[in-house]
Amino acid sequence: MADNIVILTGAGISAESGLGTFRDEGGLWAQHAIEDVATPEGFARNPELVHAFYNARRKQSAQAAPNAAHKALADLEKTHSGNVLIVTQNVDGLHEKAGSQNVLHMHGALAGALCHSCGHRWRAPVDMRPDDRCPACTAPATRPDVVWFGEIPYYMEQISDALTQADLFVSIGTSGEVYPAANFVAEADYHGAHTVELNLEPSSGVSRFAEVHLGPATEIVPAWVQQELLR
Ligand code: APR
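Numbered per the numbering used here, the sequence shown finishes at 265, counting up by one with no gaps.
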């Protein structure tokens, strides 16, 4: 049984909870232009459009339930004697709903609001609007607390430290198309971790993993956790 397990998750782990992925057939980036809804420039150009995009996803995520894959990871954290850290690219909050506590949201969270004037953070209302005022500085400068393309992901120092200490790195439900997350497998491998990919289809980085299991997350993640706990 590995002592330090780092688990990277992407949109694929939440697909069976009814939340869309980005790059699969008909995914979010087939419906919306990234430059319009997931960049600071897009937000400056049309904040109403961006708030509407995230308001819809916030409502959908609030109604979504964690699935067997999220729950298996929460069980692993509870049962495993060593350290289990989830680094998620997802903003849907389903890991916490499943009971995971050690979770780093490198792309932020739909539940969070941020004031881009004073940096204050608070729990986002269901619907955010461009003229909402910051509860701290009262500036009309509120935005979803999510990381957009061209911005620096959160917790990069802690993530880098965790990858250095990891004995086991597991990537679940991510296409491996977006950096820096797509390079985590190489960092973990460099520091001697065993690397595992659990995905519906091979990701772009599949050849960099020592072990690969393909299938729906609700099947292969509980099976993998079961096997890991028996080691
Ligand atoms: N079970 C397991 N994996 C699945 C499932 C499923 N049921 N359904 C889809 N997948 C896999 C797909 O095969 C794909 O490899 O999940 C992955 C989803 O890839 P993307 O849609 O690219 O999502 P993700 O990798 O999380 O994107 C990373 O890109 O746009 C940004 O900020 C956004 O965090 C996101 C980042």
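No residue lacks a Cβ here, since even glycine has one placed at the ideal position from N, Cα and C.
Supposed contact pair Val180 and Leu144 - C-beta distance, whole angstroms, cut 8 Å: Stepping through the sequence shown from its first residue, residue 144 is reached at position 110. Stepping through the sequence shown from its first residue, residue 180 is reached at position 146. About 7 Å; that satisfies the 8 Å criterion.
Using beta carbons (cut-off 7 Å, strictly below), is Leu138 in contact with chain C? This model lacks chain C altogether; it includes just one protein chain.
Whose C-beta lies closer than 6 Å to the C-beta of His150 among residues of the same chain, with five residues either side of it excluded? For the purposes of this step, residue 150 is identified with residue 116 of the sequence shown, where counting begins at 1. Closer than 6 Å at the Cβ level, and outside the excluded window around His150, lie Ala175 and Arg177.
Drop a sphere of 10 angstroms on the beta-carbon of Glu262, count the other beta-carbons inside from all chains shown, and report buried for 16 or more, exposed for fewer. Counted from its first residue, the sequence shown places residue 262 at position 228. When all chains shown are included, Glu262 counts as buried.
Can at least three beta-carbon pairs, one atom from the stretch 47–63 and one from the stretch 218–226, be found at a separation below 8 Å? no
CB-CB under 6 Å to Ala170, same chain, minus the five flanking residues each way: which ones, in chain order? Here the question's residue 170 lines up with position 136 in the sequence shown. So the list reads Cys152 and His154, once near-sequence residues are dropped.
Leaving out five residues on either side along the sequence, give the residues of the same chain with a beta carbon under 6 Å from the beta carbon of Val204. Position 170 of the sequence shown, counted from the start, is the residue given in the question as residue 204. Excluding positions up to five away in sequence, the list reads Ile41 and Val230.
Glu245 bridges to which residues according to DSSP? On the sequence shown, position 211 is the one that residue 245 refers to. Glu245 is bridged to Val230.
Near the ligand APR: Pro74 beta-carbon under 6 Å from a heavy atom: On the sequence shown, position 40 is the one that residue 74 refers to. No.
Cβ-Cβ distance between Ser241 and Glu211 below 7 Å: As a working mapping, residue 241 is identified with position 207 in the sequence shown. As a working mapping, residue 211 is identified with position 177 in the sequence shown. 7 Å or more divides the Cβ of Ser241 from the Cβ of Glu211.
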